[in-house]
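Trainee: Numbering (my numbering), first residue to last: 30 to 261.
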């Protein structure tokens, strides 16, 4: 009986940890930004850290990571089932969006970078909307080994999710009824918070969005045009 109860507590606390992950931050990417990436380029670019690597090698990916595949210049994820959402004991720590830095000069890019990036994010959030979370570190990873279009097409393009597995403690100093009542109430509250987070309106995030009435910002956006980002 006691052994069975302990397993039940571990399971419930695992779910509790999962919900804690989901409500620990606010939305990272407002829907308005993802819907209109060309009008929100600076916001989109500033949402990431930028890294350059020579070449991505999936064989070197460490444990506790999931690789989601895109194709060159595409946004659909070919292996969406690789990511299991709502997994107990898992806390996502960072997400890498992997591109190729080709051509090297941004003025030579043909693909609309901002639309491609936004579409890849929307596809990711279609698989698991709770990944749209500011508590996660977001990175753009640029591969620099490619010198031709053919080489570029052979390289990996996609998303890598890195996470930690959380050890679940066994609660003590309370009887079975107290354990279960407390944990179930906590889970109920976290579910409610999760729904509130998913429904957070764009107005609540307005501090992260341009004031489009500011003439200086409008002039600056027109000056930048549709060029690709200056990776830093």
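Glycine residues also receive a C-beta, built at the ideal position from the N, C-alpha and C atoms.
1. Taking DSSP as the reference, what is the three-state secondary structure of residue 171?
2. Helix, strand or coil for residue 176? Go by DSSP, reduced to three states.
3. Would you list, in sequence order, the uninterrupted alpha helix (DSSP H) runs of no fewer than 4 residues that lie entirely inside the region 77-119?
4. So for residue 140, helix, strand or coil by DSSP?
5. How many Å lie between residue 171 and residue 177 at the Cα?
6. Could you have a look at residue 196 and say whether DSSP puts it in helix, strand or coil?
7. Spell out a yes or no on whether the region 74-88 and the region 99-119 are touching, meaning 3 or more CB-CB pairs, one atom from each, closer than 8 Å.
8. Tell me whether the region 143-156 and the region 104-119 touch, counting them as touching only if at least three CB pairs, one residue from each stretch, are closer than 8 Å.
9. Between the Cα of residue 159 and the Cα atoms of 186, 143, 121, 174, which residue gives the shortest distance?
10. Would you call residue 97 buried or exposed, if buried means 16 or more other Cβ atoms sit within 10 Å of its Cβ?
Mentor: Taking the coordinates as given:
1. Within the chain shown, the letter at position 142 stands for residue 171. It is a strand residue.
2. Residue mapping note: residue 176 aligns to position 147 of the chain shown, counting from 1. Residue state, collapsed to three classes: coil.
3. none
4. Your numbering for residue 140 matches position 111 in the chain shown. Of the three classes helix, strand and coil, the one that applies to residue 140 here is coil, per DSSP.
5. Locating residue 171 in the chain shown gives position 142, counting from the first residue. Locating residue 177 in the chain shown gives position 148, counting from the first residue. About 15 Å.
6. Position 167 of the chain shown, counting from 1, holds the residue named residue 196. Here residue 196 sits in coil by DSSP.
7. no
8. yes
9. For the purposes of this step, residue 159 is taken as the residue at position 130 of the chain shown. The candidate whose alpha carbon is nearest that of residue 159 is 121.
10. Here residue 97 is taken as the residue at index 68 of the chain shown, counted from 1. Looking at its Cβ environment, which holds 16 or more other Cβ atoms inside 10 Å, residue 97 is buried.
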